[in-house]
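Inspection log for the structure reproduced underneath, given as structure tokens.
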Amino acid sequence: MLKKSINQSKTRQNLPQSTPPLRRLINYGQNYRTQIWQATVCSILNKIFDLAPPALIGAAVDVVVQKENSLIGKLGVTDVFGQLVILSILSFIIWGLESVFEYAYARLWRNLAQTIQHELRLDAYEHLQSLELAYFEDNSTGGLMSILSDDINQLERFLDVGANEILQVSASVLIIGAIFFISTPSVAWMAMLPMPFIIWGSFAFQRRLAPRYANVREKVSLMNGQLANNLTGITTIKSFTAEAYEAQRIAAQSDAYRQSNRHAIALSAAFVPLIRTFILFGFTSIMLYGGMEVVAGNLAVGTYSMLVFITQRLLWPLTRLGETMDLYQRAMASTTRVMNLLDTPIAMHSGDISLPINQVQGELVFENVSFAYQGREPVIQNLSLQIPAGKTVAIVGATGSGKSTLVKLLLRLYEIEDGAISLDNIDIRQLQLTDLRRAIGLVSQDVFLFHGTVKENIAYGSFEATLPEIIAAAEIAEAHEFISKLPQGYDTIVGERGQKLSGGQQQRLALARAILKNPPILILDEATSAVDNETEAAIVRSLEKITQNRTTIAIAHRLSTIRNSDCIYVMDRGKLVEWGTHDELLVRDGIYGMLWRVQSGLK
Ligand SMILES: Nc1ncnc2c1ncn2[C@@H]1O[C@H](COP(=O)(O)OP(=O)(O)OP(=O)(O)O)[C@@H](O)[C@H]1O
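For the sequence shown, position 418 matches number 418 in this note's numbering, and the numbering has no gaps at all.
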């Protein structure tokens, strides 16, 4: 299924963002052309059979008034009862077919709506996952959530009923218009008179409603952003007793949403009454003029009653156009947002060179690397560093000096501006992204645990791992003991973001996760900062075994944990200022020497 949707997104062409949303949607839906045609045919056939009863009523009146001279009578059945029997049989057939096609179109449209919303959500999610981190920094989680859920649901609602409604109203107008012009050309123009006004009115409404609904979607997104942020930060809200303040902020966002909806409702509610006025004009004209024509003997009674019925069938459904238009406009506002997401270009492209994990040696070279976050001062400047395969190096330096940024550049979470980073002499931009990232195990400063069990969280990324392997990794990370004491051991649920565990416990699970991944390159970014000194010492001891013959980069503020590294690099404001072993750096007596003295209490 995943593969299918990837292929589907490949077959559609990217249209410019200025393209009308409906065209963008049709372009997206080209893979469903067959289903759309089938559903369209069923909708139209259903409408045709739905329009037949007025003709039957007209024929029945014709039979009882004209008797053997009726239309059916002229076909050869002179007996009135026989004529009525024929009409009854016809009614059965017509109503039966109408029901069959109603079932068919409802099933087809509704399933199509489900399929398109499912595929669109998957496509949008997969695309979102491929976007670079900077995109997520510029867009709120809540806002993106509202695109993936609300906006896509809005589209589903329109496809569910709206598309059929538009088709059937159009079919009614065409069929009934044709009947009118064929049967009674003299009064046909009267029934058609309101049409140009209705069409003009609909377009005028659409134009004015579109920006109002775009505004509604924008406000929903802002409100969801705020809600998601507050739910994530609920502990902070409580600890700062900011509940009233936050409730007020949500009230303001919710009110802005309400106001934007009011603005849209003010216009959309006026649509139906306005259309009704036009319709009334057409309906009463037919009734008056047609009636007078019957009295004058220019029009048959049967034709007259059919005309009155059919005018009503033609014009009244147009009042429903208001609701459909509403659904349509909302859906188009949502389509624009979903399509904009789908058309956001992927800035980070994978290279072509494959480097299977079992062939990685682990030699890393940074060569004159420079980097700045978007719109910020440079964070890394002209930095060069070489890590031989299998060695352990440490990076230390003041907070904000760019250590974590270096790791993000190595993982290609951001693209460097200048210079080059290579793994085993291959520029990482030429490597397949998945191969590069599979080769690296990262325990980052901010641990993220998923809602699920301890076991699942350790095995995240190593989905095939067996329980003994998971336990072995947990033992190295000094996590086995506390896990065993949890109520359900390895099956204990950790809660969203791991909130049912302490900071140190979360960190050890993340460490176990990286150890289980068994990558040729291991990066420990403050991996033990949240555990006590004793546990940290135990972890460092067990890590010493597993970091042998594995390229390891350790970032740490507590220098005692990295003193045995093969080389220690000291960073200061984006540059490497000192490097060497622990002893060499102490002799040098620079920044490292000073930091060491402070931490070991010598000064
Ligand atoms: N996503 C980002 N967008 C903009 N600026 C950023 C971003 N991430 C980090 N920075 C900035 O880049 C600089 C380096 O950050 P980095 O996280 O690399 O420092 P660090 O040395 O790892 O610090 P610490 O020891 O506190 O973890 C900081 O000034 C920070 O404000």
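Cβ atoms here follow ideal geometry from the backbone N, Cα and C, with glycine treated the same way.
Under DSSP, the beta-bridge partners assigned to Glu578 are Val570. Counting other Cβ atoms within 10 Å of its Cβ, Asn298 stays below 16 and is therefore classed as exposed. The three-state secondary structure of Thr399, taken from DSSP, is coil. In this structure the stretch 366 to 373 touches the stretch 411 to 420; the number of beta carbon pairs closer than 8 angstroms is three or more.
Under a 10 Å Cβ-count criterion, Tyr569 is classified as buried, with 16 or more other Cβ atoms of the shown protein chains found around its own Cβ.
At a Cβ-Cβ threshold of 8 angstroms, Leu87 and Ala52 do not count as neighbours. A straight line joining the alpha-carbon of Met332 with that of Leu22 spans about 7 angstroms.
If the five residues before and after Ile546 are omitted, its C-beta is found closer than 7 angstroms to the C-beta atoms of Ile476, Ile515, all from its own chain and listed in chain order.
For Val379, the enclosing beta strand (DSSP E) covers residues 378 to 387.
Within 10 angstroms of the beta-carbon of Ala247 lie fewer than 16 other beta-carbons, which makes it exposed. Between Leu71 and Asp79, the gap from beta carbon to beta carbon reaches 8 angstroms or more. Ser285 and Lys47 have their alpha carbons spaced roughly 25 angstroms apart.
Boundaries of the beta strand (DSSP E) harbouring Gly441: 440 to 443, taken from the DSSP string. Rounded to whole angstroms, the separation of the alpha carbons of Ile346 and Asp50 is 49 angstroms. Annotation: Ile521 is outside any alpha helix (DSSP H); the continuous beta strand (DSSP E) that includes it extends over 521 to 525.
DSSP links Ile426 through a beta bridge to Leu423.
Checking the 7 angstroms criterion, the Cβ of Glu415 is out of range of every heavy atom belonging to ligand 1.
Taking Glu156 as the centre and dropping the five residues before and after it, the same chain places the C-beta of Ala113, Gln117 closer than 6 angstroms to its C-beta, in chain order. Remark: the C-beta of Val369 is outside contact range of ligand 1, defined as less than 7 angstroms to any heavy atom. For Ala459, the three-state secondary structure derived from DSSP is coil. Listed in chain order, the non-local C-beta contacts of Lys403 below 7 angstroms within the same chain comprise Ile395, Gly397, Ile555, Met571, local neighbours out to five positions each way being set aside. The DSSP assignment places 133 to 138, 141 to 146, 152 to 157 as complete runs of the alpha helix (DSSP H) inside the stretch 81 to 161, in order along the chain (cut-off: 4 residues).
Burial is judged here by how many other beta carbons sit within 10 angstroms of a residue's own beta carbon; Gly601 has fewer than 16 and is exposed. With a cutoff of 7 angstroms, Gln445 counts as near ligand 1, since its C-beta is closer than that to a heavy atom of the ligand. Short of 6 angstroms from the beta carbon of Gly282, and not among the five residues preceding or following it, lie these beta carbons of its own chain, in chain order: Ala191, Leu193, Pro194, Leu315.
Taking the Cβ of Lys403 as the reference point, at least one heavy atom of ligand 1 falls within a distance shorter than 7 angstroms. Within the same chain, and ignoring the five residues on either side of Leu486 in sequence, the residues whose Cβ sits closer than 8 angstroms to its Cβ are Val454, Thr492. It is roughly 22 angstroms from the alpha-carbon of Thr235 to the alpha-carbon of Glu137. Non-local beta-carbon contacts of Asn230 in its own chain, meaning distances under 6 angstroms to residues more than five positions away in sequence, involve Glu246 in chain order. Rounded to the nearest angstrom, the gap between the Cα atoms of Gly590 and Lys575 is 15 angstroms.
Using a 10 angstroms sphere on the CB of Gln168, the tally of other CB atoms reaches 16 or more, which defines it as buried.
Between Tyr490 and Ile470, the C-beta spacing is below 8 angstroms.
Bounds of the alpha helix (DSSP H) holding Glu534 are 533 to 547. Straight through space, the alpha carbons of Thr405 and Val379 are spaced by roughly 8 angstroms. Boundaries of the alpha helix (DSSP H) around Asn215: 194 to 232. Pairing Thr466 with Ala472, the inter-Cα distance amounts to about 10 angstroms.
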